[in-house]
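Asks: For reference, the structure I am asking about is given below.
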Amino acid sequence: MGDWKSVNHSKFLLQYHLILVCKYRKRLLSGNNISSDIKMLSLDICSRHKVGIRYMETDKDHMHYMIETEPTVRLSDMVTTLKSYTTFHIWEKYNNYLSKCFWKERTFWTDGYFICSVGNVSEETLRKYIEKQG
Numbered sequence: 024m025g026d027w028k029s030v031n032h033s034k035f036l037l038q039y040h041l042i043l044v045c046k047y048r049k050r051l052l053s054g055n056n057i058s059s060d061i062k063m064l065s066l067d068i069c070s071r072h073k074v075g076i077r078y079m080e081t082d083k084d085h086m087h088y089m090i091e092t093e094p095t096v097r098l099s100d101m102v103t104t105l106k107s108y109t110t111f112h113i114w115e116k117y118n119n120y121l122s123k124c125f126w127k128e129r130t131f132w133t134d135g136y137f138i139c140s141v142g143n144v145s146e147e148t149l150r151k152y153i154e155k156q157g
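Using my numbering, the first residue of the sequence shown is number 24, and each one after it goes up by one.
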């Protein structure tokens, strides 16, 4: 579990599960160095944008992250930046390989993504706590 953070009269712990999927579900994250390069690029870009990566791992065609952010971070902007940054740098390094997989466009990730908050208590526990107030 992460630690509570304090900034400007605010105390928070904002954690999310993020999943990015390779375009067309192509199995680009197995059997080569793309996976480890994306992990390094992800750490780099997230550290610049007040996003901590607690865990990350790849499967054959998608990547899981558990991230922590500050309240000022717009998640949609952060995901867009992460996807565009990793795509740009992966294409620079693996242009010959990726151009065989994507012959019409310089892409890597699907247009969408999955993200959900990660709570430290269940919904039921939180509901009971709120109902007992006052």
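The C-beta atom is built at its ideal place from N, Cα and C for all residues, glycine as well. These numbers come from a predicted model, not from an experiment.
(1) Does the region 113-130 touch the region 73-87, meaning 3 or more C-beta pairs lie closer than 8 Å?
(2) Tell me the start and end of each unbroken beta strand (DSSP E) in the region 88-153 that is at least 3 residues and wholly inside, in chain order.
(3) Among residues of its own chain, excluding the 5 on either side of LEU98, which ones have a beta-carbon nearer than 8 Å to its beta-carbon?
(4) Starting from ILE76, follow its DSSP beta bridges and name the residues at the other end.
(5) Three Cβ pairs or more, each shorter than 8 Å: is that satisfied between the region 44-52 and the region 147-155?
(6) Around the Cβ of TYR120, are there at least 16 other Cβ atoms within 10 angstroms (buried) or fewer (exposed)?
(7) Check this for me: beta carbons of HIS72 and VAL96, under 8 Å apart or not?
(8) For LYS62 and SER145, what's the separation of their Cα atoms in angstroms?
(9) Taking THR109 and LEU64 to be in contact with their CB atoms under 8 Å, please state how far apart those CB atoms are, rounded to whole angstroms.
Replies: In short:
(1) no
(2) 137-140
(3) TYR39, THR92, ILE138
(4) ILE90
(5) no
(6) The residue is exposed, with fewer than 16 neighbouring Cβ atoms inside 10 Å.
(7) yes
(8) Take the alpha-carbon of LYS62 and the one of SER145: they are about 30 Å apart.
(9) Sure, about 5 Å apart at Cβ, within 8 Å.
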